[in-house]
Amino acid sequence: NLMKFLSLSSVDWLLMLGVVILLVFSLVTLFSVDFEIFRSQFLFSILSIVIFLVFSQFNSSVLRHYSLHIYVASVILLTAVLFFGAESRGSVRWFSIFGVGIQFSEILKPFLAISFSGFLANLNNYSFKPFVISLIFLFPIAFLIFKQPDLGNAMIYIFVVLGTLIIYGYPFRWFAGGFLIWLLSLPFLWLIFHDYQKQRILTFINPTRDPLGTSYNAIQAIIAVGSGMIIGRGLGQGTQSGLSFLPEQHTDFIFATISEELGFIGSLIIVGAFAFIFYRLFLKIKNSDDKFSKTFSIIVFFTLFVHFFINVGMNIGIVPIVGVTLPFVSYGGSSLLSNFIFLGLLVAINKKKRREVLEIG
């Protein structure tokens with residue numbers, strides 16, 4: 130019996146309920162958009178659940194022990210992607226394995242979270258030195274992902290690391306100093322941005338500057354969100370998504386697709402499910418007395434929250450379009466696998482804590 134071999138006592142089933150709601154909405158929406166896309170995502174959903182069960186049984190102490198090795202391997206893999214990865218639409222982000230594209234900037238997130246959690250949990254003091262080391266830890270990863278080019282995921286890594294350091298209580302003046310340096314370096318950063326990245330930023334500043342060109346995606350997404358009204362046009366009935374006015378309707382702009390087809394009510398259920406997941410993660414952070422598990426929970430919280438905020442923000446026009454998935458909702462096997470690995474490791478780490486409590490008892 131499989132269940133005898135699985136230790137699922139530390140699974141937060143309420144959190145998983147929120148995930149299942151998002152997954153069901155995703156699959157139903159993808160079915161209305163394109164059956165082939167739906168079938169692919171359905172198979173990845175089954176694989177992701179199996180991967181979740183596998184990672185939930187891991188010994189997190191072993192993973193933590195190899196945290197430095199994981200980091201070094203991640204830098205090597207991201208470097209290898211730039212030289213040997215498969216190119217698609219001008220970006221080199223994937224390794225093609227048996228015909229399936231694996232995006233390492235997504236897959237590596239939970240493993241790098243283990244590395245960063247291990248580093249922070251081992252600190253005895255919060256002086257300036259570990260703060261700088263944390264930024265040095267971040268730089269090669271963010272730079273290699275930016276070079277793919279993948280500005281969206283590079284931003285995710287930066288925001289998650291900074292958010293975690295803020296929660297750790299490092300002096301705010303250090304972040305203010307870093308922000309000032311970033312402002313002063315903007316002219317240099319502008320020079321290394323790709324043309325399409327510059328256009329997206331200019332479009333965000335002036336959304337109507339090129340309605341048939343660079344502003345097109347943002348305008349169509351806002352139209353789709355607004356046209357759904359209260360109850361939506363119905364599954365498969367959206368004019369923006371159905372007539373393909375809305376680009377990337379199954380990935381970056383799936384929230385706009387759901388808003389158009391299922392209306393404000395559909396959008397509210399999606400946002401509500403995310404809010405509930407964030408609440409459950411907040412309780413994990415609050416109730417954890419183990420430094421490593423608390424840190425890992427903080428990173429999971431920030432990773433999902435930044436993804437959610439940027440993606441929904443792109444769809445309603447309050448954030449520049451940078452190509453970020455909506456966790457558990459957007460089409461994409463690598464993103465789905467990455468998020469379920471996060472959840473599996475969360476179970477494994479909390480299982481270790483629970484076992485320690487039982488042994489002490």
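Residue numbers (the numbering used here): 130 to 490.
Note that beta-carbon positions come from the ideal geometry of N, C-alpha and C, so glycine has one too.
- I231 is bridged by DSSP to F224.
- In the three-state reduction of the DSSP assignment, S217 falls in the strand class.
- The alpha helix (DSSP H) runs lying completely inside the stretch 138–213 and spanning 4 residues or more are 142–162, 164–185, 189–194, 196–213, given in chain order.
- Sequence-distant partners of F288 (beyond 5 residues in either direction) whose C-beta falls short of 8 Å from its own C-beta, in its chain, are F431, V435.
- Of L264, G298, S185, the smallest CA-CA separation from V290 is found for L264.
- Here E235 is buried. Its C-beta has 16 or more other C-beta atoms within 10 Å.
- Just measuring C-alpha positions, the residue of V429, A404, L475, I351 sitting nearest G446 is I351.
- Looking at I175, D141, S136, the one whose alpha-carbon comes closest to that of L152 is I175.
- Put simply, the backbone Cα of A250 is about 21 Å away from that of S139.
- In the three-state reduction of the DSSP assignment, G298 falls in the coil class.
- Cβ-Cβ distances below 8 Å link W303 to F257, F260 in the same chain, with the five nearest sequence neighbours on each side left out; the list follows chain order.
- For R193 and Y200, the gap between their C-alpha atoms comes out near 11 Å.
- For Q349, the secondary structure class from DSSP, reduced to helix, strand or coil, is helix.
- Rounded to the nearest whole angstrom, the C-alpha separation of E216 and I274 is 14 Å.
- The residue among F167, L144, L146, S314 with its C-alpha nearest the C-alpha of Y460 is F167.
- At the C-beta level, I360 and G392 come within 7 Å of one another.
- The residues I398, A402, in chain order, have a CB closer than 8 Å to that of I150 in the same chain once the five nearest residues on each side in sequence are set aside.
- Within its own chain, the residues whose Cβ lies closer than 6 Å to the Cβ of V441, once the five positions on either side in sequence are excluded, are F384, listed in chain order.
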